Structures are given as C-alpha cells and as structure tokens.
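In the UniProt record's numbering, the protein residues as written are 1 to 325.
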Ligand SMILES: NC(=O)c1ccc[n+]([C@@H]2O[C@H](COP(=O)([O-])OP(=O)(O)OC[C@H]3O[C@@H](n4cnc5c(N)ncnc54)[C@H](OP(=O)(O)O)[C@@H]3O)[C@@H](O)[C@H]2O)c1
C-alpha cells in the first residue's frame, strides 16, 4: 500500500515533470510573454491616446472632478476646467501649471465658468470651450449634486434641480460639443454616473432617477455615434470620500450639510480618478467601480427583483427608525 506522503510526493513530481517538460514550459513562458506584450502595448496606446488630447472636465472645483483634472493633466492632456467658481478654477489651473513633470510637454489649462442648470449659459460655454484649443477630444461630464429626503416631503422643484444638474446639464453640454466631434469623426464622451444609476436606494429618489436617466441617455448615444467613431464611457462609482453628501440638497431645497458615514468611508477621489483615467484610456463602455456588495445588488435587481425590493424596504424602515430615535 502507498502511504499518503508518498502519493503526495509522486503527484508533486509528476506535476513538476509536466511543467518542465519540453512542451509545457515553453508554452507557459510564451503565454506569459504574449500577455506581458499585450499589457505593454495597451499602456503605450493609452498614453498616446491621452497625451495632447483636449479634455474637458466639469465640476473640476472639487472632489472627483478636481482629481480627474490632476490625473488627465499628469497624462499630458490639454485641459479645459469647468465649474461655477472662477476663483477655484483659476487656482486649480495655477496649481497644475506649477506642478513639475520632467520630460513631458505640459499645457496650460483653460477655464470656463458656467452653471449647468442654466441652459443658455451651457450653450454659450460650449462655444467658449471649443475656442480654448480649437476642438474637444474627451468630455468628462463629472459635475453633479446629490439629494437626501423622503419623496412625500420633497417638492417637485427639488426633483427638477437635481435633474437639471445631473441629467439636463450634461445632456445639453454633450449636445453642444457633439456636432464638432461628429464632423472630426473623433471624440470621447465620458459620464460619471453612480451605482444609483443601476439600482435605486430609498431616500435618494431624485438622485437615483437622475442617474438612471443618465445611464439610459448615454447608452442610446453610444449606439447612435458608433458609426462616427465616437466613444461613450459610463462610469458608475460606489461611495467616494468627497463633499457630495455635504453639498446634497434636501426635500425643502436646503443644503444637507453633513458628511454621511458611507461617504466618509468611501474610496479616495484620487484613486477613483486613476480608475477613470484607465477606463478612458482603454475606451471601456460601462464601468462599475465598487466592491462586491453593490455588484451583488445590481444582479439581484435583475435576477431576483422580489428579494431586492424586500431588502430595500427593510433598509428604508431601518433608516426611518434611526432618524426617529
Ligand atoms: N462622492 C460619491 O460618493 C459619489 C459616488 C458615485 C458617483 N458620484 C458622482 O461623482 C461626481 C462628482 O461628485 P463629487 O463626489 O466629486 O462631489 P463634489 O465634491 O460635491 O463635487 C461636485 C462638483 O460638481 C459641481 N457642480 C454642482 N452643481 C453644479 C452646477 N449646477 N453647475 C456646474 N457645476 C456644478 C460642483 O461645483 P461647485 O464647487 O460650484 O459646487 C463640484 O465641482 C458626481 O456626478 C456624483 O454624482 C459621487
């Protein structure tokens, strides 16, 4: 009878023989080589795609937008920084220009100030953006606001405000810049959505609705402009450590003014910006940046909707109880 230890050592020897045999080892090394070469080519192509590209970033004054601006600038892009606060935009432009990137040709960023909820201002801003560097290669629709409140206590004006900022604003800006991209047969539209563009969480109705609409609009756009050589990337992050909840609007239109626990424990905006850069460089179509819980929730919503709705109802009652206690 063969002992267990002997069987194990026999098995190990057979595996080693197989690996070091004349066919398997070269095959393994060949696969590794091809994979390494593929990754290298991907990196080179990504760098070339972003270097000297004209990149417009909305909501560049804070949080994820600010970090995206830094990441695209470091990649050698020609930046157009957009936001509502001219001083904050110019300060960021100065900070970027002062940063050192030896052996790289850097471009002084341009700034354009406008409010996305003002459609006339957004139309005018489109023309101003195009004048900065003559064209736009990549538009990053990042600006947005969040919302906290119960539907029953929320005025329709609040729903409209969130929709104007998160949906109609990016849609209007995209429509202003799209014809020039179609004419050049090149362009890339990137939109920062949210996990809440894929699933709806209680007490976030206006925000989730605006992000669902965003997902639907840019999914349609992707299909329509493929023939024009234009890329569309939708990015749906989970919680990011920014001022989003502090700046969120409540049911009566006032500012929420508090940092949520989930937001405070979220990912760093600089890390998420690196993922945005990689998704753009690889021309990804739809990216979810989250851990396994939101992924599971997205699948549950499609595969077991009854279970998903029960979990959301439980979450709503728990949140209501904790508010009342
Ligand atoms: N933080 C998260 O947990 C999280 C998760 C998923 C998705 N996101 C998305 O990430 C994007 C960036 O948000 P953030 O987390 O970086 O929040 P943030 O720090 O509050 O930044 C929001 C940016 O949007 C700008 N903005 C707001 N309303 C605007 C308007 N009417 N016109 C023009 N600009 C406006 C703000 O400009 P001002 O400085 O002028 O206010 C600010 O620059 C948003 O689309 C958000 O929905 C965030």
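Quick reminder that beta carbons are idealized off the backbone N, C-alpha and C, glycines included. Given the structure is predicted, the values throughout are model-derived calculations rather than measurements.
Residue 76 and residue 145 have their C-alpha atoms roughly 29 Å apart. Between the alpha carbons of residue 155 and residue 182 lies a gap of roughly 39 Å.
Within the chosen limit of 6 Å, ligand 1 does not reach the beta carbon of residue 153 with any heavy atom. Residue 46 sits close to residue 281, with the two beta carbons spaced by under 7 Å. Residue 163 and residue 258 have their C-alpha atoms some 22 Å from each other.
Contact fails between the region 79 to 89 and the region 37 to 52, because fewer than three Cβ pairs, one in each stretch, are under 8 Å apart.
Annotation for residue 135: 54, 180, 184 place their beta carbon closer than 7 Å to its own, counting only its chain and skipping 5 residues before and after. DSSP assignment within the region 268 to 292 yields the following whole alpha helix (DSSP H) runs of 4 residues or more, N-terminal first: 269 to 281. The continuous alpha helix (DSSP H) containing residue 318 extends over residues 305 to 324. In this structure residue 264 touches residue 241 by the C-beta definition: roughly 6 Å separates them, less than 8 Å. Close CB contacts of residue 69 within its chain, under the 8 Å cut and outside five residues either way in sequence, are with 57, 60, 79, 81, 92, 96, 109 (chain order). For residue 212, there is no enclosing beta strand (DSSP E); the enclosing alpha helix (DSSP H) covers residues 205 to 225.
Of all C-beta pairs linking the region 108 to 125 to the region 225 to 233, fewer than three are shorter than 8 Å, placing the two stretches out of contact.
With respect to residue 211, residue 196 sits close: the two C-beta atoms are nearer than 7 Å. The three-state secondary structure of residue 83, taken from DSSP, is strand. At the C-beta level, residue 272 and residue 64 come within 7 Å of one another. For residue 141, the three-state secondary structure derived from DSSP is strand.
By the C-beta density criterion, residue 293 is exposed, having fewer than 16 other C-beta atoms within 10 angstroms.
Look at residue 148 here: in three-state DSSP terms it is strand. Around the beta-carbon of residue 126, 16 or more other beta-carbon atoms lie within 10 Å, marking it buried. For residue 172, the shortest separation between its Cβ and any heavy atom of ligand 1 does not lie below 6 Å. Between residue 297 and residue 287, the CB-CB gap reaches or exceeds 7 Å. Looking only at 215, 187, 87, 66, the smallest Cα-Cα distance to residue 168 is reached by 215.
Taking 7 Å as the cut-off, the Cβ atoms of residue 192 and residue 243 do not count as close.
For residue 187, the enclosing beta strand (DSSP E) begins and ends at 187 to 192.
The Cβ atoms of residue 67 and residue 248 do not sit closer than 7 Å to each other. Closest option to residue 161, judged by alpha-carbon separation, among 130, 173, 131, 118: 118. For the 7 Å CB-CB criterion, residue 187 and residue 251 do not form a contact.
Taken through DSSP and simplified to helix, strand or coil, residue 255 comes out as strand.
Going by DSSP, residue 230 is part of the beta strand (DSSP E) stretching over 230 to 237.
The C-alpha of residue 37 lies about 19 Å from the C-alpha of residue 283.
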